[in-house]
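In this note's numbering, the protein residues as written are 1 to 230. Using N, Cα and C, we set each Cβ at its ideal position, and we do this for glycine too. Please read these numbers as outputs of a predicted model, since none were measured by experiment.
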Ligand SMILES: [Zn+2]
């Protein structure tokens, strides 16, 4: 097991009264891990996260879980806008779309599964509230992106993923389902793309990106039903 380090970031404040009920995943989106860690600990940057996971799986805690780390920025989920107040944020080292988007190494994902499983158990966070930064800020963010292994996490009981649906569900209204799941519908196309990046990542970069394809409709309908039932 790689080391569990502690380095502190000054970029946090008090949580307030909201319960912790979201786990939010990010990529660092910088050329190197060192540069990303320096930025997350720089008081001038005003950004942070609770945890930072390097490519080799080494976990560094930057902010105590009972503090409000500054990772989501302007965001929205299921009626709430102060996403930092109610979430735990984890940054995964990856250059991101800007600097050479790469697959997430197995050791990094194993460490995330171990950490994420402990966090979701501690706060009883439901599977459909383990989210991408792009889910809560679809017009601004792409991270952790379509290479992130959501299906692998779901196989470990962490998050929700429905990979095998192909039939459209008659009568499904995509925007209603996305709204019910929690997405900001200011731009439906942005919301659809963010949904696909998380739940149908193989559609990113195809003609179906941002479109109500049969698979997108069916997957949104299934997740909406799951959220309704939970
Ligand atoms: Zn992010």
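For residue i, which option in the options has the closest C-alpha, if you only look at C-alpha atoms?
i, options, result
"residue 158", "59, 141, 132, 142", "132"
"residue 174", "81, 152, 213, 73", "213"
"residue 23", "153, 100, 179, 190", "153"
"residue 83", "15, 63, 118", "15"
"residue 216", "202, 226, 229", "202"
"residue 177", "224, 124, 81, 47", "224"
"residue 68", "59, 61, 50", "50"
According to DSSP, is residue i helix, strand or coil?
i, result
"residue 210", "coil"
"residue 77", "strand"
"residue 139", "coil"
"residue 83", "coil"
"residue 228", "helix"
"residue 204", "coil"
"residue 176", "helix"
"residue 185", "coil"
How would you write the range of the alpha helix (DSSP H) that residue i sits in, first residue to last?
i, result
"residue 195", "188 to 199"
"residue 112", "106 to 123"
Can you round the beta-carbon distance between residue i and residue j to whole angstroms, since I take them to be within the 8 Å contact cut?
i, j, result
"residue 206", "residue 138", "Wrong, their Cβ atoms sit about 18 Å apart, outside the cutoff."
"residue 143", "residue 27", "4 Å"
"residue 161", "residue 70", "With a Cβ gap of about 28 Å, residue 161 and residue 70 do not count as contacting."
"residue 104", "residue 148", "6 Å"
"residue 54", "residue 74", "Incorrect: roughly 28 Å between the Cβ atoms, too far for contact."
Could you please give the first and the last residue of the uninterrupted beta strand (DSSP E) stretch that includes residue i?
i, result
"residue 60", "59 to 61"
"residue 26", "22 to 27"
"residue 13", "12 to 14"
"residue 131", "130 to 132"
Can you have a look at residue i and say buried or exposed, based on whether 16 or more other CB atoms are within 10 angstroms of its CB?
i, result
"residue 1", "Low confidence applies to residue 1: its pLDDT is 46, below 50, so where it sits in the model is not reliable, and the reading given next is rough at best. The residue in question, residue 1, is exposed, as its Cβ has fewer than 16 Cβ neighbours within 10 Å."
"residue 86", "buried"
"residue 66", "exposed"
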